[in-house]
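Following: one structure in structure tokens, then a few remarks.
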Amino acid sequence: MINLRVVLISLLVMFLGMVLWMSYYFYFRTDGRGHVLREADSPTAAARGQLLLARADALTNQQNYDKAKVLLDSLRDADANPDMFISTDDLEQRFDTLRTRRSRAKN
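See below:
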């Protein structure tokens, strides 16, 4: 017969382990707001991503907003390519800048 005390202790240990694992993951793997932080696999992958972001910045600065939007849209799935890394925050920042400058140009 299964002892109730053993079952309760094992459930408590599993629950505490799950809570500790979730707190570790939240503290070390996210930015504090729930967004998972990712890191580049290699410095060359990060450099390639920054090169494409610089190209999008140049198009935005030249007020060529349609081409910049097309380039940024194509970079949304850049994480599927292991040879390129673009952080989500950098990409969101470029989209926000593009949106702001485009709205200023219309007014």
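Following numbering that gives the first Met the number 0, the numbering of the sequence shown begins with 0 at its first residue and continues without gaps. Think of the CB as a built atom: it goes at the ideal place given N, C-alpha and C, for glycine as much as any other residue.
In DSSP terms, what residue i is bridged to
| i | result |
| --- | --- |
| residue 29 | 35 |
Residue i burial status per 10 Å Cβ neighbour count (16 or more: buried)
| i | result |
| --- | --- |
| residue 93 | buried |
| residue 55 | buried |
| residue 99 | exposed |
| residue 46 | exposed |
| residue 53 | exposed |
| residue 77 | buried |
| residue 97 | buried |
| residue 138 | The requested residue 138 is not part of the displayed model; the chain covers only 0 to 106. |
| residue 48 | buried |
Whole-number beta carbon distance between residue j and residue i, since they are thought to touch under 8 Å
| i | j | result |
| --- | --- | --- |
| residue 84 | residue 44 | 4 Å |
| residue 104 | residue 62 | 6 Å |
| residue 90 | residue 75 | 7 Å |
Three-state class that DSSP yields for residue i in the structure shown
| i | result |
| --- | --- |
| residue 82 | coil |
| residue 92 | helix |
| residue 62 | coil |
| residue 8 | helix |
| residue 40 | coil |
Contact test: residue i Cβ vs the ligand GDP heavy atom, cutoff 7 Å
| i | result |
| --- | --- |
| residue 48 | Absence of the ligand GDP from the depicted structure is noted, as is the absence of any ligand whatsoever, leaving it without description. |
Check whether the stretch 21–41 touches the stretch 77–91, taking contact to mean three or more Cβ pairs, one atom from each stretch, closer than 8 Å.
With a cut-off of 8 Å, the stretch 77–91 and the stretch 21–41 count as touching, because enough Cβ pairs lie within range.
Is there contact between the stretch 20–30 and the stretch 68–84, where contact requires at least three CB pairs shorter than 8 Å?
Result no; under three Cβ-Cβ pairs closer than 8 Å.
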